[in-house]
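Student:
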Amino acid sequence: MQVQCDTDPAVFDRLRDEWEALLSRSVTPAPFLRPFWQKAWWTAYQQGKTLRLITVREGERLVGIAPLFLHEMRVAVGELLPRLSIERPEPLPEGAARRILHPLGGTEVSDYLDLIVDREQAGAVYAALWDFLKGQGDWELLDLHCLPSGSPTLEALPRLAQASGWRAETVQEEVCPIIALPASWEAYLDSLDKKQRHEIRRKIRKAEREASVRWRVSGGADELEADLELFFRLHERSDPAKEAFWNAETRQFFRTIAGALQQDQALQLSFIYFDEQPVATYFSLLHDGQMLLYNSGYEPGLFMSLSPGLVLLSYMIEDAIQRGYRIFDFMRGNERYKYDYGGVDRPIYRLGIAPAS
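Numbered per my numbering, the sequence shown spans residues 2 to 358.
1. Which word fits M305, buried or exposed, when buried means at least 16 other C-beta atoms lie within 10 angstroms of its C-beta?
2. On the DSSP letters alone, give me the boundaries of the alpha helix (DSSP H) that V126 sits inside.
3. Are the CB atoms of P36 and F13 nearer to each other than 8 Å?
4. Any chance the stretch 152-165 sits against the stretch 346-358, with 3 or more Cβ pairs inside 8 Å?
5. Per DSSP, what are the beta-bridge partners of G65 in this structure?
6. Of the residues T44, L311, I328, which one's Cα is nearest the Cα of A11?
7. If we ignore side chains and look at the alpha-carbon of each, how far apart do R347 and Q39 end up?
8. Under three-state DSSP, which class holds R333?
9. For a test of the three-state rule: what should DSSP assign to G298, helix, strand or coil?
10. So, helix, strand or coil for M292, using DSSP?
11. I'd like to know whether the C-beta atoms of R53 and M74 end up nearer to each other than 8 Å.
12. Of the choices L16, V280, L34, K195, whose alpha-carbon is the least far from that of E61?
13. In three-state terms, what does DSSP make of T171?
14. Quick check on this structure: which residue in T8, G325, R206, G124 has the alpha carbon closest to the alpha carbon of P68?
15. Inspect the CB distances between the stretch 124-134 and the stretch 323-330 and report whether three or more fall short of 8 Å.
16. Rounded to whole angstroms, what's the CA-CA distance from L63 to P30? Just pull it up for me.
17. Between the beta-carbon of I180 and the beta-carbon of G302, is there less than 8 Å?
18. So the beta strand (DSSP E) F304 belongs to, where does it begin and stop?
19. Do three or more CB pairs link the stretch 308-320 to the stretch 246-255 at distances below 8 Å?
20. Of the residues R202, A97, K243, which one's Cα is nearest the Cα of Y316?
21. Please identify the residue among A267, G260, A242 whose C-alpha is closest to the C-alpha of D223.
22. Going straight from the alpha carbon of Y189 to that of K196, what length do you get?
23. Taking the alpha carbon of A97 as the point to measure from, which residue in V76, G107, E109 has its own alpha carbon closest?
24. Note down the Cα distance separating A125 from R168, rounded to an integer number of angstroms.
25. Using CA atoms only, rank isn't needed, just tell me which of D289, Q266, Y283 is closest to Y274.
26. Alpha carbons only, please: which of Y46, R256, F272 is nearest the one belonging to S219?
27. Taking all protein chains shown into account, decide if G334 is buried (16 or more other Cβ within 10 angstroms of its Cβ) or exposed.
28. If we ignore side chains and look at the alpha-carbon of each, how far apart do I170 and S152 end up?
29. One question on the structure: do I66 and I101 come within less than 8 Å of each other, judged by their Cβ atoms?
30. Give me the Cα-Cα distance between R58 and E121, rounded to the nearest whole angstrom.
31. For Y274, report the span of its beta strand (DSSP E) as first-last.
32. Under three-state DSSP, which class holds W216?
33. Would you kindly check if the distance between the Cβ of D112 and the Cβ of C177 is under 8 Å?
34. Just list the residues that DSSP pairs E73 with in beta bridges.
35. Which term fits V214, buried or exposed, when burial requires 16 or more other beta carbons within 10 angstroms of its beta carbon?
36. Tell me whether S285 sits in a helix, a strand or coil according to DSSP, three-state version.
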């Protein structure tokens, strides 16, 4: 197998079609691994980082991609893994600076990441990638995060690293609750705890009785810019701590991915209105029979007693069932409401690999 490392961001466009085809043959065909998403992340957050996009070919056929970048972060003394946020790194002056390989996609705006490996040739691709990586002398830690529980990376890379005398550590990073959607809304409600089934129906009835309620999904490109601004505003207002999230880089990133997702009919940007006032929103991804709840916001000063966010969520789940979606994915976080709606945990993992000494 032939292994090559690209540092020029032109590689995203050059490999686009091959990349999409490989992703469809991989074990982790997540939307966050699509080339447009990875390119958008790199464009927004590349400052202080060096691209390390590694490809593996069997003859002319692309069979593996390790979409990585190299940068320096501080790691607390005695720890293998740094305290993550790549987009907004935490100052750690007492830590040791280390040269780290991280996956493109970052830590705050991508929920599932992985190496992209042809499932039919996984063993050989992992071996080729590891042989290449361990021969590079410019990194001290490989820190992979947001690895889905079914990823072969979790078994293959630690085994290869430990066989080479390297240190490997795997930890559960987070959970992503999901709902396996049945064939009808009534069947879904019947699957819930009796109390929660009653609560969902009660909240919907109360909202529809006490306010004029409507919800909508952002339409064509002519609506998207204004709807994104409304989404940004509701997200910021829902929690003062979220204001720091919306730096210039993150706004640029969201605008880019929203446009690309909408063009692919893979975006559902939903809003709910009470008495014609926008009170809650969800930014969702549509991918391979799944609706993935990516981000949200609400207006804290209006209609809070009517639970607008939960009413909108109920409408969206019913709509997803009617449209034939198989999975409703709440993605990262163990917030109580996700389990009230029937979410079942699916863990994601973090894997660190470093020389033994």
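The beta carbon of each residue, even a glycine, is placed where N, CA and C say it ideally should be.
Tutor: Once the coordinates are examined:
1. exposed
2. 123-135
3. yes
4. yes
5. V57, V118
6. T44
7. 23 Å
8. coil
9. strand
10. strand
11. no
12. L16
13. strand
14. T8
15. no
16. 15 Å
17. no
18. F304 -> no beta strand (DSSP E), and no H or E assigned at all.
19. no
20. R202
21. G260
22. 14 Å
23. V76
24. 21 Å
25. Y283
26. F272
27. exposed
28. Checking the sequence shown, residue 170 turns out to be Glu, not Ile. Computed Cα separation, rounded: 15 Å.
29. no
30. 13 Å
31. 268-275
32. strand
33. yes
34. R100
35. buried
36. strand
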